Structure formats: C-alpha cells, structure tokens
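The structure appears below as structure tokens.
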C-alpha cells in the first residue's frame, strides 16, 4: 500500500503544524519558491483555485456596481509622503525602482504595496462634480511588500490580490460601502470557501495606515491561530485631502470626497489549506476545487472498466462537475492517496463488480465516508453530494471554531486561552499600553472588536472596559 | 444638435491619424496617462474590452491543453545574461529594483520585460523525465519595458499581456506548438476582433531576442501601417541549454528540452481602435464590445416610453445581449454621438410613435445604416444583427486591407507603396544589408515572409530572392 508513503511524507499535523503546511503546499504542487527570496511561483493547481476565487468574487463585485480597471505598478515615491500615516506604514516595506532604460531615474519609483495614492491621484483628475460620484473601481493586480519572514500564500514579498477603491459624496455613503464590501467578503468566505469568519472593527494599532477605521475578517486555522482574510477600510477624507479629490456639490460648494478601499489576496489559499486540511493533505470545498471529482478505475485492465469510466466522466462533465479520470498506470491505492492529498472532494471508484451490480462507490474527502450509488444516477448523486459537502464543510468548520472561543477576565486567562489554541474574548479599556502588554506577554494580538458584546473590566488594568476584543495569535 | 460638438473634438482621421487616435482613446475613456512617464491607466471601459479578450483567449488556451500559473515579477539580473541574444535584446529596456525593505539589494532585480528566464529556471527544477513533458503553461501578467516614445496601448512602459511558455521532448513537438498557437491567435483575431491578419515568419533582424524563429501576426491599421498583434516563438534549445532544462528520455539518455513562448498584449486594444475606428470614434466588434446595444428613448417624457425601453432592455439581457438603457437627461442627439463615439455596435431608438406602430429603429454603428424592426422581435433581431455585424466587420476590414497590398520590384516601388499606405510585397535576397537599406530609405520594416509566394529578384540588390517579404511602416 502506498498510503503510508504519503502520510509519512507529510509532517504530523498535530505535532508540527508549520511543517505540515509547508509539506502540503509543496507536495500538492500548489506553489514553489521563486528564485528571489520571499517570492513564490503559483503553480497551475494553486492558480486554478485562485481563478475560481476570482470568478466568484468578481461576479459579486460587479453585482454590487463595481467596474474593473488597471492602474500602473510604479508609483512616484513622493506620493507616499502625502498621507502621513500611510508613508509610515508602507515606506519600510517598499521595493524601489531606481534605474530604467539604462539610466538612473530622476525620482525613485515604488513598486505598489497598495494603490490608494495612485487611485487618489487619478480620482482628483476624474472627479469634478457630484455627478461624477460615486466612483466604484476594483483592480486585480500584483503588489509587493518586502517582508523579513515569508511563507507561501501567507506572507510573500509579491502576492496577487484585488483592491477596490471608491469615492463618494458623503461620509454616510462611504461608510455604507465599507460595510457592504465587508459583508460581501463574509458571504463569500462562508458560502464559497466554507470558512466561518468573524468580522469587526480593528483597534487603532491594527488598522490600515491612513484609514479612519479598518474592518477585518478573521478566520480560525486548525491550530487555533487567526488569519486575517480580508479588510475593508473607511478612509474618510484622509486621502481625498492628501490628493485633492474635490467635487462641486449640488449646493454649489467645493467638497472633498470620502473614500474607501478593500482587498483580499492569495492569502485566502493559505486560509483554505489551514482551515480545512488534515493529515492526508488538502480538503478543498467543491466551489473552489480545481477538480471536484476524480474517477479511479478498479482492475482497469478488465474489459469495459475504462470505457464505463469514460462514460461516467462525460455524464459528470455534462452535469457541470469538474472531473478527472485517472487512467494512469499507478495502483488504485497510490491514486487514492494522491487525490486525497490534493483535496478532491469526491472520489468515484468503478470496478468490474460495480459495473455488474450497476453501482459505483463514492468517497467523501471531508468526512472520509464511503457511500454506494447507482451507476445510472452517478452524475446527479455526485452533484448533490458536492452541494452537501460544501454546506457540511462550513458547518463543521464553524463547530470547530465555536468550541474554541473562550472568555478571559485577566492576562493569565488570555495566555491560557491562546496557548490552548483558542480565540479569547476579553474586555479592554481602549488604551494602547494594555494592548501592547497583551502582545508582549501572550504573543496574541487584538483581532477585531466582538461587535455587540460588552465586558465590565479591562483584562489588563482592571479599568472600565470600552470594548470586548477578540485576542488571538495570528498569521 | 450636439453631433458637431463631438466631431469637432476628434481630430480628422484622414489628415491627422495620430491625433485622431489620441483623441479617441482619451475621449472615450478607454485610457488615461499615468503619473509616471510612459505608463497608462486602463479605465473601466478599456479594461472591459480587455476582459472580453481575456475570456475568449483563455478558453482557447485551455481547450488546447494549457494551464495558467503565476510567476514572480522580479527576476535576478544575472538570469538575463545566461542567454546571449536575450540579454542584448532586453537589457537596455529593463527597469531595475535596487532597494527594498529600506536596504540596498545584494543583486539588482529586473522587473520582468518577459519571463523566459524565470520559467526556464523553474522548468529545470520541475522537469526530470520525459513523463514530465510537455509542460504547457500560460500566465496573464503585467510586464515592463522602458521605451523612449510611448503611446497608450501601442507602446507603454508597462502593459498587460499573456505569455505562454512550453517545454517539449522533441523539436517536432515544439515547432508544432509554435504553429498551433499562431493559428489560435489568427482564428481569434479574425473571428473575435474582426481583424484580418497575415501570419508568417520574421527575419533574423526582427525576431525575438533568443528565439530560433519568430512568427508574427500583422494587422493593417486604417492608415495603412502595420501593427504586430501577436508573436509565437520557437526557442529551440537556446533557453533549455541556458537554464539546464534536461530530462531523462525513454532511451535512457539525458536530453535538453525544446521550448516555445507566445504572447499577445493590451496592444490588441490599439489594433481594434485603428483597424475599425472612423471619424465618429470607435467601432467595436460585438464579441468584445463592453456594451453591445444601447437603448435611447425618444421623447422620453411621454408616458410609457421609458417603461417600454426597460422592458426591451430586460428582453435583450435575457437573450445575452450586453445592454445599456441611456435614460439620462441628455438629448437624444447628444446620446447618439456619445454612444457612437464609444463604438457600441447597435443603437435601438424607441419613441411614442414607434411604440404605437409596434416598431423600433435599429442603427448599425459599423455601416451607419438604419433598419426597422418589430418591437416584439427586438431581442432576436438585435442578437442576429450582432452576429451579422461581427461577420461584416471582418469582411470589410479584409476588403480594405486586400485593396492595399501591392507588389514592388525595386526600392522606389517599396517607397511609393508604403507612402500610399500599403503593405508592399517584394523579393529579398536574405541579407541584413538590404533589409537595413529598405528601412533607412522608406521607414518600412520587413513584417513577415509572405508564405508560399516567391519572387525572382531582391528589390534592393537585384540578386536572387530567397523570400517574398511584406514590408510596411509599423507601430
């Protein structure tokens, strides 16, 4: 049996989660390391997941009135200094083009780490009147942030993302947009990625450099750590003042616009791996799985088996199921391991006895259960099963997470909570000092405010609590 | 009437084609200039065309067995020196990152001008055995080439493109791939962009730096100049030797793989504009038009007009027609001009008298003809008309082009030919000196070999001709 071979190759998920992650991303060929430190090559299997993510998100952006565009990669360094907090946050991470076309440039150019400044620059040119508002633009692009410690998908010097940048006539509309896109992300994370998320406002310390308010979407990984999976920023007039985005309002007055920005990235692939994966490898939710069903012929050399498998494949594809028929020379056991590692939601086994009995065996990657199904109904059954898996994966991820949300009243409680792999809810007075102390003593950071919950006292200083905060160790 | 306003704003297409182009791309909001010299912002209307191009091409790439991936933007400068011709061709145009994360880098990094080198580097790692071949990968990405003279879409320091990079076990397979992708491009250009193209091999002077052979796809613009709209390169073992892409073949021998690369870019949007546009602005083929039909209500304030237009819009959208209902306060004349300038293939006019008569007026952007149609049949009629326009646009572009292909026997004939806005076919001995002379004296370059055609003598030196070459002034 080849199964042991594979299982041995992947580090123990319980004992060494980081190594398990590295093993899984490399062995499943999602990604490889690029030649420049901190860069990654997203291989076809990983990129196919990203394409499915893009398709799902893009249709949601368009349904909410956004259009796509493409803004330049290179931004004059001077643009970053126009918004004081922004430059402080991003300048240390910027990669800089100093030479081009064989000459030294008059002004160094930043490879975009994010594009608020260049959108701001163009918006100030395009927006003149209230009639030009709102402007609702998204772009799919690569960005670069020079990081000291990198890991594929989670933190790389270059990554792919989408960044929405919108401008509005009123604060109310811009805040509404900020919250609307946060809700779009949440619905997408839960219904497409099958990852339950907690959304809420971030503290001043954790907010985006230049924002008035940042709202984050936090997902629990299998080791109990949190992964920030998306953010939506209300930027107020910070960037419209820095870049002079002004419009003539209905009342005849010149006003600065209110702007937002929001983004998710290839980090989401990391979230998928760590929220659902197990000892055998990836477990992919059907909606983003590049291959939704794999057919493995049993005793393939017996007459009629491969032909029947091809027939079934055609039926599945007609039913819209992304299907692979593995008719290679490898043993069935080897194939089982391979496709389980790759996280394919459903395996269909068809052998001579199955054909005789008019049956097929379906294997669910998420629960490892086997079910029989009539050969004539296989397309319908698999399509139904994929829907069931999609829903069940969210349910079980939610159950796992909810069992690991605990409350703490003091620092010791926070430490024990996060050491046990939990999200910890605790009261916080609102001061930076207490937030810093928690990080120093527990390695946990404030993730988001637990909206609607109140606590009596700050877990650190004992003063009156302003917010209930979710603390967790985070990627 | 507002029509004159618009027409006056766009420069005369006969008298000043370059200014006409600039006016059209800016006024239709396809594009704007970015803050860094030579960069462009692709605005939503332009980007929507690119999305349609991507969708059509991507499905063709996948149907021919290719997968998408994403390779890093930054490439160590030393990689470029590994292939001697390649570095000569690209080093002068490269933008270089020298600093990142607040420090000077040990090795400067090129912002990719093209990715043969980094694909080569990864392929040498991934390919070990003949079983690993072929590798058929494409990527959609931004690239950067620092150019002295730039024009939106045609030549910009940054542009978007796709680049296919494949590796094969034999020369035969690699050549087959090179020609297959050239054929894919040609079919796409003609059936989707409605642009007839001439495909053929390029001279040594004009080939890709590092290729064994480059095949180009040349399209005639309305001024008679040629636009290279796509290229497919057979790279032989040049890159596999430079990057050590070796595999163990069936016969037990270690061999170098044979590679290809092929690409098209946002230049294609420039091709669309200049192959089809007219004095009123853009003329977009239905398959890539962001808006395929615009409904303009006539006497919109009369009862029932806007409601009927909304009804028609719903029917059109149900029939899969990308439709806009222009119910703004502008006059019908203003709207006609606006949407004609934007190149929308079909305009539907509906007024009170039309409703009474159960009719609508359809206007074809390509021929400027009007046809009546029954209101009940409008969705079907428009869908049919869009198909007709798609075919007719290719036919008339082909007719225009074919009338402007001439033969020349000597330098004077070439000069007269290109000055008259023609593609000129002429014999060529095959030597660089004669090719250079033609460029120096006529500003025309050899575009591609006219496959299957033979000439007696070289138009320059009078020696025996090796090829018949298409010469043209080019973008």
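Residue numbers (the working numbering), protein chains in the order written: chain A, 26 to 500; chain B, 26 to 500.
Don't be surprised by glycine CBs; every beta carbon is placed ideally from N, CA and C.
The structure displayed is predicted, hence computed values, not measured ones.
Query                                                                                                                                         : Result
Enclosing beta strand (DSSP E) for residue 223/A [first to last residue]                                                                      : 222 to 226
Neighbour flag for residue 179/B against chain A, beta carbons, 9 angstroms                                                                   : no
Proximity test, Cβ basis, 9 angstroms: residue 126/A and chain B                                                                              : yes
Validate contact between the segment 431 to 439 of chain B and the segment 476 to 488 of chain B using beta carbons, cut 8 angstroms, 3 pairs : yes
Neighbourhood of residue 27/B by C-beta distance below 6 angstroms, restricted to the same chain and skipping five residues each side         : Legend: pLDDT at residue 27/B = 43, less than 50; position of this residue unreliable, no value from coordinates given.
C-beta contact flag for residue 192/A and residue 237/A at 9 angstroms                                                                        : no
Residues of the segment 61 to 77 of chain B whose Cβ lies closer than 9 angstroms to any Cβ of chain A, in chain order                        : 61, 64, 65, 66, 67, 68, 69, 70, 71, 72, 73, 75 and 76
First through last residue of the alpha helix (DSSP H) which encompasses residue 388/B                                                        : No alpha helix (DSSP H) contains residue 388/B, which is instead part of the beta strand (DSSP E) from 384 to 389.
Residue 71/A - containing alpha helix (DSSP H), residue span                                                                                  : 69 to 88
Reduced DSSP secondary structure (H/G/I, E/B, other) of residue 30/B                                                                          : Note that residue 30/B has pLDDT 49, beneath the 50 cutoff, so the model's placement of it is unreliable and no number is given.
Contacts of residue 171/B in chain A (Cβ-Cβ under 7 angstroms)                                                                                : 125 and 126
Where the alpha helix (DSSP H) through residue 143/B begins and ends                                                                          : 141 to 151
Min CB distance residue 95/A to chain B below 9 angstroms                                                                                     : yes
Helix, strand or coil at residue 362/B according to DSSP, with G and I counted as helix                                                       : helix
Same chain, Cβ closer than 6 angstroms to residue 32/A, five either side skipped, listed in chain order                                       : Because residue 32/A carries a pLDDT of 49, less than 50, the predicted location of this residue cannot be relied on, and no value is offered for it.
C-alpha gap between residue 355/B and residue 374/B, whole angstroms                                                                          : 14 angstroms
Buried versus exposed call for residue 387/B [16 or more other C-beta atoms within 10 Å across all chains shown]                              : buried
CB contact check: residue 167/B to chain A, cutoff 9 angstroms                                                                                : yes
Three or more C-beta pairs below 8 angstroms linking the segment 460 to 475 of chain B and the segment 266 to 286 of chain B                  : no
CB contact below 9 angstroms: residue 122/B versus chain A                                                                                    : yes
Residue span of the beta strand (DSSP E) that contains residue 182/A, given as start and end                                                  : From DSSP, residue 182/A is part of no beta strand (DSSP E); its letter is neither H nor E.
Contact test: residue 343/A Cβ vs the ligand MN heavy atom, cutoff 8 angstroms                                                                : No copy of the ligand MN appears in this structure; indeed no ligand is present at all.
Through-space distance from residue 315/B to residue 136/B, alpha-carbon basis                                                                : 31 angstroms
Spatial neighbours of residue 144/A in its chain, beta-carbon cut-off 6 angstroms, leaving aside the 5 residues before and after              : 190
Chain-ordered chain B contacts of residue 212/A [CB-CB under 8 angstroms]                                                                     : Simply none; closest approach about 23 angstroms.
Any chain A beta carbon closer than 9 angstroms to residue 387/B                                                                              : no
Secondary structure of residue 209/B, DSSP reduced to three states                                                                            : helix
Neighbourhood of residue 30/B by C-beta, 6 angstroms cutoff - its chain only, sequence neighbours within 5 removed                            : Confidence is the limiting factor: at residue 30/B the pLDDT is only 49, short of 50, which leaves the residue's position unreliable and the question unanswerable from this model.
Contacts of residue 117/A in chain B (Cβ-Cβ under 9 angstroms)                                                                                : 126 and 127
For residue 422/A and residue 220/A, believed in contact at Cβ under 8 angstroms, the rounded distance                                        : 6 angstroms
Within 7 angstroms of chain A by C-beta, residues of the segment 78 to 112 of chain B in sequence order                                       : 92, 93, 94, 95, 96, 97, 98, 99 and 101
Pairwise C-alpha distance: residue 96/B and residue 80/B                                                                                      : 20 angstroms
Short CB-CB distance (under 9 angstroms) between residue 343/A and chain B                                                                    : no
Residues from the segment 127 to 149 of chain A in contact with chain B, defined by Cβ distance under 8 angstroms                             : 127, 133, 134, 136, 143, 146 and 147
Residues that residue 183/B contacts on chain A, provided the C-beta gap is smaller than 8 angstroms                                          : 97, 98 and 99
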